[in-house]
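Numbering (my numbering), first residue to last: 3 to 246.
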C-alpha cells in the first residue's frame, strides 16, 4: 500500500490532474502537430483553391484529382508513399537528411502526414467559397482601375473568408484525428510521434488501458467540438463584418 501511494502521485503528475504524463504528451503533441499542419497548408491550399476556382488551364482536372487523391486512397497507402518519398532513404528524404531535415519517425513527419491528409478538405472548402463570389464584383473592381492583386485582396479574399476559415478548421480537425498515414510514416513513438489516435489505439491493446483510452477519446471529442464551434463563430463574425 505504501509503495502504491508513492507511485500514484508520480503517475498523475501530468499537466492535467486526470491525465498521466504519457497521455498529456499525446494531447500536447496532437495539438502541436495539428496546428503546424494547418498553418503550413494554409497558403498552399489557398493558392491551389484560387487556381482551381478562377483559372482555366490544361491539366486542371488532373490537378484536381491529385489534390483529392488522399481522400480516396487508404490512409496507410498515403503513409507508405510518404515513407518512400521522405524516408531517410526516400526519393527526397535522403537529400533532405543531408541538410538536417528529417521527417520519418519525427513529429515533423506526423505534421507532414496530417497536412497531406487534411489538404483536400481545406482546398475544397476554400474553392467552393471562392467560386461563390460573384465574378461581376471582381470585374467591377477591375473596371475601376484595381490591379488583379488588389482585386484579390480587397474583393475575393474578404468575401470568401468564411470558407477559408471553414477549410482551415476542417484541416485541423482531420489532423487531430489522423491515424493511418501517421502511424505508417512515423510509427507510434511515445513523446515523439504518439498523437491522440495512436495513444488511444495503444491503450486499447494493453490490459487495463480502457480508462485511459476513454479519457483521451473524450478529450479528442471536446477539442474537435471546440474547433468546430470556434469556426462557426468566426464565420458568422466574418459574415456580419462583410454585411456591414
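Using N, Cα and C, we set each Cβ at its ideal position, and we do this for glycine too.
A quick note: this is a predicted structure, and the numbers were derived from the prediction, not measured.
Review point. In three-state terms, what does DSSP make of residue 191?
Key: coil
Review point. How far does the alpha helix (DSSP H) with residue 69 in it reach, from first residue to last?
Key: 62-74
Review point. Considering only the beta carbon of each residue, do residue 43 and residue 119 sit closer than 8 Å?
Key: no
Check your understanding: Can you check whether the CB of residue 186 is closer than 8 Å to the CB of residue 78?
Key -> yes
Practice item. For the region 76-128, list the beta strand (DSSP E) runs that are entirely contained and at least 3 residues long, ordered along the chain. Key: none
Review point. Do you know offhand how far residue 234's Cα is from residue 168's?
Key: 8 Å
**Study point:** Member of 28, 21, 20, 22 whose CA lies at the smallest distance from the CA of residue 193
**Key:** 28
Point to revise | Three-state secondary structure assigned by DSSP to residue 139 | key: helix
**Study point:** Straight-line gap, residue 131 to residue 144 (C-alpha atoms, nearest Å)
**Key:** 20 Å
Exercise for review: Check each candidate in 174, 214, 197 and name the one with the smallest Cα separation from residue 40.
Suggested key: 174
Check your understanding: What do you reckon, are the CB atoms on residue 87 and residue 95 nearer than 8 Å?
Key -> yes
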